[in-house]
Amino acid sequence: MLPSEKLNEIRSFVERGLEDFSVSRLKSKMPWGVAVPDDDEQVMYVWFDALTNYISTIGWPDAEYAEWWPGMQVAGKDNLRQQSAMWQSMLLSAGLPTSTQIMIHGFITANGQKMSKSLGNVIDPFELVEKYGTDAVRYYLLAEFNPFDDGDFSFEKFEKRYQADLANGLGNLVARVSNLLEKNGITTALVSGTDAGLNAEVTDKMANFRFDEALKTLWAKIASLDEYLSDKKPWKMEEKNEIAAVLIPTAQNILNIAALLEPFMPATSEKIVAQFTQAQICKGESLFPRLS
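First residue of the sequence shown: 174, per this note's numbering; consecutive thereafter.
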């Protein structure tokens with residue numbers, strides 16, 4: 174999986190053919206490198222040393238490494254040559270299986286600029302998580318960006334999506350339905366995974382690493398549930414059976430969505446699943462407090 178602008182580069186590699194590459198560098202140019210045995214003037218090329226971590230950290234050359242390798246790689250677009258050409262040739266020369274797949278992702282910019290300390294525009298992920306929560310940050314990065322292209326971050330765009338998708342979207346839907354179920358004493362016996370069509374659609378997007386499209390599918394479902402509630406207005410109904418006929422299938426859909434959110438927002442998924450598998454669903458704490 175490659176960013177669009179990298180396709181020509183990889184085609185160029187293929188057309189030129191792969192030649193030998195040097196695994197060492199002059200010590201005078203790279204004095205901090207690992208020394209080459211029996212050659213005081215050379216050090217190991219950093220990528221030759223680093224790439225072996227894919228298999229050395231899982232036990233190679235001992236036999237247990239084979240439990241995990243061959244496997245898939247994930248790397249940034251600036252590592253394309255090292256990952257797709259050099260590392261594969263190293264594996265072949267050692268008589269080892271090549272990577273099963275390589276996913277090359279884009280960069281994250283800040284307000285249209287490359288992040289750098291000199292520009293002072295680096296986004297501290299720890300501060301972001303401390304203020305908005307881990308799941309909110311995970312959601313934004315996975316929903317906002319095409320994994321194979323560059324994506325731009327700004328606090329304005331982050332807070333806009335947080336407010337619309339999380340506070341007013343998923344969070345509000347869960348609060349409304351759980352509150353009405355508790356208020357009207359309506360019990361349920363819900364089981365997740367009952368929407369085969371939704372499961373298949375999200376699974377297909379995930380298989381192609383289109384995390385943004387998978388989340389778009391789930392949020393389209395959330396929007397449709399909001400529209401359904403606005404149309405039916407169960408809070409204005411008086412008959413318990415009529416209210417239940419609206420809320421129980423809606424709660425079932427919420428549970429199905431929550432289960433599919435686990436890879437993206439594990440803490441949020443766990444909270445909703447625990448809440449919506451109770452016989453008497455009750456309103457809990459706000460999942461995503463609205464921004465002041």
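Glycine residues also receive a C-beta, built at the ideal position from the N, C-alpha and C atoms. All figures in this text were calculated on a predicted structure; none of them were measured in a lab.
Please look up how many angstroms separate the CB atoms of residue i and residue j, rounded, as I've assumed it's under 8 Å.
i    : j    : result
L428 : V446 : 7 Å
Q448 : S351 : 6 Å
V310 : P298 : 7 Å
L253 : I277 : 6 Å
Q255 : W220 : 5 Å
T307 : A440 : 7 Å
P462 : A316 : Incorrect: roughly 19 Å between the Cβ atoms, too far for contact.
Q425 : L363 : 5 Å
Going straight from the alpha carbon of residue i to that of residue j, what length do you get?
i    : j    : result
S442 : G366 : 13 Å
Y238 : P270 : 12 Å
E332 : M438 : 17 Å
Q286 : Y312 : 22 Å
L371 : L391 : 8 Å
F194 : G232 : 26 Å
N381 : V375 : 10 Å
L402 : E355 : 16 Å
R189 : E303 : 48 Å
L343 : G279 : 28 Å
E400 : K250 : 41 Å
Can you check DSSP and say which residues form a bridge with residue i?
i    : result
T282 : K287 and D325
A208 : V216
R198 : V216
Report the option in the options whose CA atom is closest to the CA atom of residue i.
i    : options                   : result
A223 : W260, H278 and T271       : W260
P243 : K250, K202, E188 and L264 : L264
M155 : V302, D251, P234 and S257 : Residue numbering for the chain in the displayed model covers 174 to 465; residue 155 lies beyond these limits and cannot be assessed.
R198 : G285, P210 and R189       : P210
D470 : N414, R463, A248 and K406 : Missing from the structure shown is residue 470; the chain here goes from 174 to 465 and no further.
K394 : T423, D235 and P462       : T423
S272 : E303, I281, Y305 and I228 : I228
V295 : K304, T282 and A340       : T282
G324 : D385, Y305, D212 and G358 : D385
S465 : E240, K405, Y335 and A373 : Y335
V196 : V207, E188 and K456       : V207
V347 : I430, M203 and A236       : I430
A417 : T360, K444, F326 and E400 : T360
K409 : A387, Y218 and N357       : N357
Measuring from the CB of residue i, is there a heavy atom of the ligand MN at a distance below 7 Å?
i    : result
V247 : Only the bare structure without any ligand can be found here, which leaves the ligand MN out of the picture.
**Request:** Starting from the N-terminal side, write out each stretch of the beta strand (DSSP E) that is 3 residues or longer and does not extend beyond the segment 350-391.
**Result:** none
**Request:** Return the chain-ordered ranges of every alpha helix (DSSP H) run that is complete within the segment 233-305 and spans a minimum of 4 residues.
**Result:** 260-266 and 298-305
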